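Enquirer: One structure coming up, written as structure tokens, with questions to follow.
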Amino acid sequence: DDLNEGSFEECFAFMRSVGDSYIKSYRPIVEKRKELEYGDHERQFQLYRRGRYVEFNLVYDRGTLFGLQTGGRTESILMSLPPLVRWEYQYEPEPNTPEAKLYEKYLKPQDWIK
């Protein structure tokens, strides 16, 4: 989105390397987690996190805002949103759960470029 420096060839090579690295990076995560139990509790949290994604997309995402503000087709713009989501007012994860660990470590404002 903001890759404006370098020649077309340099930018394309960079984007290609990102794409080529994706499977190499993602496959070990899938292999490690593919046998984990998954039930209604995890599904509800997934739907809640999807709801937070929708919130971000509609409130902060530049592309979505641009499309909505310039008269783009609302239906086309919203097609990228997940089909099922959930919201919960003032959500707090249960203590000592994987969800709580996620919130304590990653889902809080911090300087990611230390």
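For reference, each letter of the sequence shown is one residue, going 1098 to 1211 in my numbering.
Ideal Cβ positions, reconstructed from N, Cα and C, are used throughout, including at glycine.
These figures come from a predicted structure and were not determined experimentally.
#1: Let me know the secondary structure DSSP gives Tyr1203 once reduced to three states.
#2: Do Pro1179 and Arg1147 have their CB atoms nearer than 8 angstroms?
#3: Roughly how many whole angstroms lie between the Cα atoms of Tyr1145 and Thr1171?
#4: Gly1116 lies in the alpha helix (DSSP H); which residues open and close that run?
#5: Going by Cα to Cα distance, which pick from Tyr1157, Lys1202, Phe1109 and Val1151 is closest to Val1182?
#6: Can you grab the Cα-Cα spacing for the pair Cys1108 / Asp1137, in whole Å?
Expert: Straight from the coordinates:
#1: Looking at Tyr1203 - three-state DSSP - the assignment turns out to be coil, as it is neither helix nor strand.
#2: Cβ atoms of Pro1179 and Arg1147: closer than 8 angstroms.
#3: 23 angstroms
#4: Phe1105 to Arg1130
#5: Checked all of Tyr1157, Lys1202, Phe1109 and Val1151; the closest Cα to Val1182 is Val1151.
#6: 43 angstroms
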